[in-house]
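Each protein sequence line maps, in turn, to chains A and B. Going by this note's numbering, the first residue of the first sequence is number 1, and it counts up by one from there. Going by this note's numbering, the first residue of the second sequence is number 1, and it counts up by one from there.
2 protein chains.
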Amino acid sequence: RKLSVPLTVRDLMPERPMPDLPKPAEGLEEILAAVLPQEGRVRMDADARLRAGTGHGLADIWRLRTRLLERFPDAVVRPETEEEVQALLNAAMSYNHGVGFGIIPVGGRTNVTSATKCPSTEVDSRPMVSLDMRGLSKVLWVNAEDGVAMIEAGITGMDLKKSLKKHGVTMGMEPDSMELSTLGGWIATRASGMKRARYGNIEDMVLEVRLITPGGAIWQRHGDPKAQAETAIGRASTNIGLPAMVLGSEGCLGVITSAVVRVRPLPQVVEYQSVVFPDWDRGASWMREVARMPAGLRPASCRLMDQNQLQLAQALKQGSEEISAWQSLRNSLKDAFLHWKGISLEDAAAVTLVFEGHRAEVNLQKKEISKLVSMAGGLWGGASAGSAGYTLTFAIAYLRDFGLDYRILSESLETMVPWSTIHEVWPAVKMAVQREHRQLRLPGKPFMSCRMTQLYDEGGVLYMYLAICTTGLEAQSALAAFESLEHAARCAILNAGGCLSHHHGVGKLRASLLPETQSLVLTQALRNFKMALDPSNVLAARNGTWCTTALEGS
Amino acid sequence: RKLSVPLTVRDLMPERPMPDLPKPAEGLEEILAAVLPQEGRVRMDADARLRAGTGHGLADIWRLRTRLLERFPDAVVRPETEEEVQALLNAAMSYNHGVGFGIIPVGGRTNVTSATKCPSTEVDSRPMVSLDMRGLSKVLWVNAEDGVAMIEAGITGMDLKKSLKKHGVTMGMEPDSMELSTLGGWIATRASGMKRARYGNIEDMVLEVRLITPGGAIWQRHGDPKAQAETAIGRASTNIGLPAMVLGSEGCLGVITSAVVRVRPLPQVVEYQSVVFPDWDRGASWMREVARMPAGLRPASCRLMDQNQLQLAQALKQGSEEISAWQSLRNSLKDAFLHWKGISLEDAAAVTLVFEGHRAEVNLQKKEISKLVSMAGGLWGGASAGSAGYTLTFAIAYLRDFGLDYRILSESLETMVPWSTIHEVWPAVKMAVQREHRQLRLPGKPFMSCRMTQLYDEGGVLYMYLAICTTGLEAQSALAAFESLEHAARCAILNAGGCLSHHHGVGKLRASLLPETQSLVLTQALRNFKMALDPSNVLAARNGTWCTTALEGS
Ligand SMILES: Cc1cc2nc3c(=O)[nH]c(=O)nc-3n(C[C@H](O)[C@H](O)[C@H](O)COP(=O)(O)OP(=O)(O)OC[C@H]3O[C@@H](n4cnc5c(N)ncnc54)[C@H](O)[C@@H]3O)c2cc1C
Ligand SMILES: Cc1cc2nc3c(=O)[nH]c(=O)nc-3n(C[C@H](O)[C@H](O)[C@H](O)COP(=O)(O)OP(=O)(O)OC[C@H]3O[C@@H](n4cnc5c(N)ncnc54)[C@H](O)[C@@H]3O)c2cc1C
């Protein structure tokens with residue numbers, strides 16, 4: 001059976017009949033239909049409401065699968081123009097004699113932080129409306145000469161890549177979720193793609209952004225807006241401003257409707273490679289050396305996976321194309337190990353590399369990387385294993401959903417850590433999780449796996465999987481058990497010097513840990529900033545610094 | 001006579017007796033001395049007050065030279081700790097039964113936007129105090145392994161470079177003003193250095209920043225602050241926050257007391273080169289091709305100068321070491337032109353190059369640049385000319401002060417322009433200035449010169465000089481004439497698609513043009529953001545978006 005990744009996600013829901021949801025708030029449908037009269041633009045059915053209110057976090061999905069339902073939006077609307085977005089915000093303010101309703105912008109709903117979930121009725125009793133941004137998904141213009149393009153925020157990563165390819169350019173933004181996640185979601189969460197070393201993070205790509213707030217549109221063009229049709233200026237010294245005030249806003253400051261982003265000619269060369277190291281520590285030391293290379297000499301993607309990650313697919317026992325790619329990776333590892341005596345295959349770690357760019361650039365990168373490989377005694381694992389490994393992380397990301405069928409709960413944790421303490425993080429996380437696992441008397445052993453996914457001058461990014469089997473537990477206690485393990489892991493990360501999130505964001509999941517990381521005066525200032533833009537809290541998602549508890553505990 | 005650049009600036013003032021200044025506000029000295037009792041930390045003398053209230057803009061300097069004095073601060077204070085800064089802000093709030101006084105942070109006072117000038121008494125009648133940040137100038141720690149260092153904001157660029165060199169590292173931030181300008185000034189103005197292609201702009205270097213506001217300290221550390229002594233994490237997905245909320249704040253949101261910045265090992269190789277082109281247009285096309293190269297292959301600095309810039313030094317007829325460096329550059333141009341028939345030396349344009357980094361990196365950069373040079377038919381001008389040209393811009397920057405003796409008024413204008421319209425800017429500026437010059441019936445001809453100083457993927461930076469001779473005019477009318485020429489030039493830049501400022505900032509000089517470039521809702525939100533941090537406007541400089549007129553005309 002051919003298993004296409006996004007389909008598996010979409011397949012999930014229809015398997016069971018939709019549960020009943022509380023009736024939507026009274027009069028809401030009329031108000032919304034007055035703004036969006038066209039067929040299908042306002043939906044109140046359970047299917048649409050359940051989808052729009054569910055992200056990709058473990059808790060979101062597990063609750064849905066096991067019918068541990070919390071609050072869902074009353075309606076889902078799909079505007080197609082900026083004017084419609086503004087009209088919806090206006091309607092949200094005036095609804096029910098100014099009581100209003102809340103709006104939560106949603107893109108691909110791939111967040112893993114409960115960012116698109118509705119706050120409970122105790123916290124906010126107004127009706128909630130999800131604003132599905134995928135109706136705004138046009139590439140408005142491409143200026144290939146300057147390397148800039150203006151794009152509506154609801155476009156998915158895959159559609160964006162395809163459209164830009166027709167113009168001979170690429171944005172180079174490739175998060176593992178790119179099939180479903182959207183440009184607006186990337187901006188709102190400060191996303192990071194796999195080819196960051198070459199194309200940068202989302203903040204390096206976005207030159208301009210338009211945001212609709214209850215008070216009107218927010219934009220900034222560095223110069224005479226009239227003189228700058230289909231161009232953009234990525235750097236100016238004109239005080240604080242956009243896009244920085246929007247990157248990371250997690251749906252709480254306004255609705256991002258479009259952005260001007262950098263695009264580049266399609267690369268002359270794309271080459272994959274892989275390298276095998278006898279164990280994680282030696283692989284990690286090698287990664288450290290790669291990070292000492294000048295940024296221009298580093299490959300577009302360079303990721304170290306531990307042995308458990310190589311076994312993960314097997315553990316889930318799913319026959320699919322991606323899995324056979326895994327197998328081929330494992331086989332080439334085996335071949336590699338024939339040359340290597342006295343070292344167990346079970347301890348090995350593998351690096352997958354993507355080189356991308358000019359011929360001359362890629363050649364130099366390969367030459368410099370080769371030097372490091374021989375110095376460190378790594379073994380080349382081949383191009384096909386490298387390509388399989390790169391592609392497979394797109395698939396791994398969705399494998400969690402299969403596990404749920406077997407009551408295997410799993411989630412990823414990511415962090416950035418300074419080089420000087422990075423070696424402490426993974427052992428600390430493993431120890432904390434094992435301790436918690438024993439204390440909770442959970443069945444079997446926790447499955448844990450780690451990869452290093454990004455190299456910065458000052459630190460590296462660790463991306464960890466945590467999975468437990470919850471056979472014999474009620475759905476609710478299974479989730480509670482998982483959440484306490486995850487919390488233990490998160491605290492271990494923070495104590496070992498890692499950050500709260502390198503790219504997933506804060507959402508509702510990690511909001512309680514945010515106050516420790518910034519001064520109360522800053523939190524207060526950011527909340528006041530929102531108050532100024534959105535005094536009646538129309539953008540009602542309450543994520544991160546704008547959640548209810550952000551001022552407590554600091 | 002050996003002419004050291006910063007000395008010429010310092011020499012300027014004592015030449016004439018200090019003018020009298022209005023008496024400082026009553027009771028101010030006691031209040032300030034209560035916070036800073038040590039000798040010399042509070043100054044009320046005319047010398048200190050004149051210096052602190054004067055930036056490096058033409059208007060600032062000309063007014064001082066010709067005694068067209070406007071308002072100066074009542075006092076200059078020099079705190080040495082963050083606590084003293086906070087105590088001064090507290091004193092500013094409570095002074096005179098809550099009427100308060102205004103505070104303007106000053107670093108090297110090299111801004112060319114009147115940013116450190118006091119607002120007039122009509123706009124703000126409270127006493128004004130300049131906060132000289134150069135008392136906070138320590139390198140607090142250097143973590144060479146991670147490549148990060150924590151540094152107090154008042155350190156000058158030159159001292160910073162020297163201190164870091166002892167640790168074997170560099171920040172790579174080299175604005176032409178680095179002898180005098182400070183880390184805090186760079187952050188507050190969003191400065192850009194000459195080696196940006198390698199080290200980035202200030203926003204690429206700053207990982208953390210501490211800001212003292214009237215309500216208290218603002219900071220953010222991405223993780224457990226206790227676990228992160230002497231480290232820093234440069235990228236996190238934790239909503240909006242620092243340093244973006246401070247970069248470009250131009251002294252209006254709080255006092256930047258320290259920052260954690262990226263530092264790198266000293267480069268293995270530094271090499272200079274120069275290339276000569278028959279005319280500006282051919283040089284500019286070549287620069288465009290360099291910008292098409294992948295970022296990692298571009299030299300650390302690559303600047304194109306027009307012929308007038310090569311003649312500028314001669315026009316000023318000052319004998320000095322820098323001038324003889326110019327001469328040697330011109331001589332090597334002459335040699336180069338011997339090989340070139342039919343093209344006038346007077347039209348030539350020259351590129352100066354700095355290659356910096358790893359041996360392998362620099363070799364590849366040189367190879368790729370060489371290809372472009374031969375394809376475009378450029379002529380190599382040699383390493384010594386390249387080095388002279390690079391160093392000389394540090395000097396040119398200060399040459400303006402000599403011109404003033406001859407009533408030659410001059411100023412630089414900088415902008416970033418998208419590639420697709422960049423060729424329109426310089427002709428448009430020349431035409432606008434000549435028209436204005438004729439209309440005002442000024443003597444002689446305006447002197448104008450241009451260089452292209454930075455290459456981005458989507459556009460280039462133009463740095464232009466404008467000088468006029470004002471013989472026969474009163475000081476006041478001379479300034480007014482110059483300002484109307486400068487305004488004409490600025491409008492021509494904006495109309496041709498350039499931005500208001502690539503790196504000098506807005507200050508008071510360009511504040512009236514800012515509203516056109518951003519939506520009113522954004523301006524209002526940024527002003528509310530300040531209100532939340534500084535409700536009684538203690539940080540009283542009124543620059544840019546926080547000036548009195550920023551909400552008008554939009
Ligand atoms: C399998 C998988 C792999 C992943 N891999 C990566 C990865 O490699 N890198 C990475 O950074 N992240 C990754 N993520 C996380 C997630 O994909 C990102 O956070 C992504 O940016 C979310 O985009 P989205 O369109 O799905 O947004 P959603 O999940 O729909 O929304 C996320 C947040 O953004 C807000 N938002 C969305 N659109 C708008 C808009 N137009 N205006 C205002 N606010 C808006 C929402 O209100 C919400 O707060 C992954 C997630 C999954 C499930
Ligand atoms: C000869 C010359 C060459 C130049 N070359 C360059 C160049 O190459 N690149 C470039 O970007 N700029 C250049 N400039 C402009 C200027 O040097 C920069 O704007 C510089 O960043 C100003 O730093 P400063 O320490 O002198 O700040 P100041 O001029 O003292 O102050 C500038 C602004 O920053 C604020 N400020 C200063 N310190 C603090 C602090 N600690 N906390 C809060 N606010 C603060 C002030 O209130 C003011 O608004 C040049 C200027 C001259 C005169």
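For every residue, glycine included, the Cβ atom is placed at its ideal position computed from N, Cα and C.
Based on the DSSP secondary-structure assignment, which residues constitute the bridge partners of Cys302 of chain A?
A:Leu353
Since Ile103 of chain A sits in a beta bridge, which residues does DSSP pair it with?
A:Val129 and A:Leu539
For the alpha helix (DSSP H) containing Trp426 of chain B, list its first residue and its last residue.
Ile422 to Gln439
Threshold first: 3 residues or longer. Then list the beta strand (DSSP E) segments lying entirely within the region 171–246 of chain A, N to C.
Segments of the beta strand (DSSP E) lying fully in the region 171–246 of chain A: 206–213 and 216–218.
Near Gly319 of chain A, what residues of its chain come up, given a Cβ to Cβ distance below 6 Å and the 5 sequence neighbours on each side ignored?
Unreliable positioning characterises Gly319 of chain A in this predicted model, as indicated by a pLDDT of 48, which lies under 50. The coordinate reading is nonetheless provided below. Counting only Cβ-Cβ distances below 6 Å, and skipping sequence neighbours, we find nothing.
Within the 9 Å Cβ cut-off, does Trp286 of chain B reach chain A?
Not an interface residue.
Using a Cβ-Cβ cut-off of less than 8 Å, give me the residues of the region 200–223 of chain A that come near chain B, in sequence order.
Going along the region 200–223 of chain A in chain order, one finds Asn201, Leu207, Thr213, Gly215, Gly216, Ala217, Ile218, Trp219, Gln220, Arg221, His222 and Gly223 with a Cβ nearer than 8 Å to chain B.
Whole angstroms is fine: what's the gap from Val85 of chain B's alpha carbon to Lys138 of chain B's?
Cα-Cα distance, rounded: 15 Å.
Do Arg134 of chain A and Gly55 of chain A have their beta-carbon atoms positioned less than 9 Å apart in this structure?
no
At a Cβ threshold of 9 Å, is Ala313 of chain B touching chain A?
Note on Ala313 of chain B: pLDDT 49, under 50, position unreliable in the model; no value is reported.
Starting from the C-beta of Ala428 of chain A, find all residues in its chain whose C-beta is less than 8 Å away, skip the five residues before and the five after it, and write them out in chain order.
Closer than 8 Å at the Cβ level, and outside the excluded window around Ala428 of chain A, lie Ala492, Ile493, Asn495 and Ala496.
What does the Cβ neighbour count give for Asp159 of chain B, buried or exposed, with the cut at 16 atoms within 10 Å?
Flag for Asp159 of chain B reads buried.
Tell me, please, whether the CB atom of Pro24 of chain A is closer than 9 Å to any CB atom in chain B?
no
With distances taken from CA atoms, which of A:Leu58, A:Pro119, A:Arg49 and A:Ala33 is nearest Ala589 of chain A?
Only positions 1 to 554 of chain A appear in the structure, and residue 589 of chain A is not among them; the question remains open.
Under 7 Å between beta-carbons, which chain B residues line up against Asp146 of chain A? List them in chain order, please.
Pro418, Trp419, Ser420, Glu458 and Gly459
Under 9 Å between C-beta atoms, does Ala540 of chain B make it to chain A?
It does not: the Cβ of Ala540 of chain B has no partner Cβ on chain A nearer than 9 Å.
Return the chain-ordered ranges of every beta strand (DSSP E) run that is complete within the region 51–121 of chain A and spans a minimum of 3 residues.
75–77 and 102–106
In chain B, which residues lie with their C-beta within 9 Å of the C-beta of Thr238 of chain A?
What Thr238 of chain A touches in chain B: Arg190, Gly248, Cys499, Leu500, Ser501, Gly505, Val506, Arg510, Leu514, Thr517, Gln518, Gly544 and Thr545.
Residues in the same chain with beta-carbon distance under 7 Å from Thr170 of chain A, minus the five sequence neighbours each way, listed in chain order, please.
Lys161, Leu164, Val263, Arg264 and Leu266
Would you please verify whether the beta carbon of Ala232 of chain A is less than 9 Å from any beta carbon of chain C?
Note that chain C does not occur in the displayed structure, where the protein chains are A and B.
With DSSP run on the structure shown, which of helix, strand or coil describes Ile468 of chain B?
strand
Start and end of the alpha helix (DSSP H) containing Met531 of chain A?
Leu520 to Leu533 is the span of the alpha helix (DSSP H), which, as asked, contains Met531 of chain A.
State the start and end residues of the unbroken alpha helix (DSSP H) segment that holds Ala561 of chain A.
Outside the displayed span of chain A (1 to 554) sits residue 561 of chain A, for which this structure offers no information.
Going by beta-carbon coordinates alone, are Leu526 of chain B and Met287 of chain B separated by less than 9 Å?
no
Does the Cβ of Thr517 of chain B have 16 or more other Cβ atoms within 10 Å, making it buried, or fewer, making it exposed?
buried
For Glu424 of chain A and Ile233 of chain B, I'd like the C-alpha separation in whole angstroms.
16 Å
Just curious, the alpha helix (DSSP H) that Leu160 of chain A is in, first and last residue?
Gly157 to Lys166
Would you check whether ligand 2 has a heavy atom nearer than 8 Å to the C-beta of Asp124 of chain B?
No.
Should Asp405 of chain B be labelled buried (16 or more other beta-carbon atoms within 10 Å of its own) or exposed?
exposed
Where do the N-terminal and C-terminal ends of the beta strand (DSSP E) with Arg451 of chain B fall, by residue?
Phe447 to Leu455
Tell me whether Thr545 of chain B is buried or exposed, calling it buried when 16 or more other Cβ atoms sit within 10 Å of its Cβ.
buried
When the Cβ atoms of the region 529–540 of chain B are set against those of the region 441–461 of chain B, are three or more pairs found closer than 8 Å?
Not touching, per the Cβ criterion.
Might you give, ordered along the chain, the residues of its own chain that have their beta carbon closer than 8 Å to the beta carbon of Ala376 of chain B, omitting 5 neighbours on each side?
Phe277, Arg282, Ser285, Trp286 and Glu289
When the cut-off is 9 Å and only beta carbons count, does Lys642 of chain B lie next to chain A?
Here chain B covers residues 1 to 554 and nothing more, so residue 642 of chain B does not appear.
Interface residues of chain A around Asn111 of chain B at Cβ under 9 Å?
Result: empty, since nearest Cβ-Cβ is about 11 Å, beyond 9 Å.
If you reduce the DSSP assignment to three classes, tell me which class Thr548 of chain A lands in.
coil
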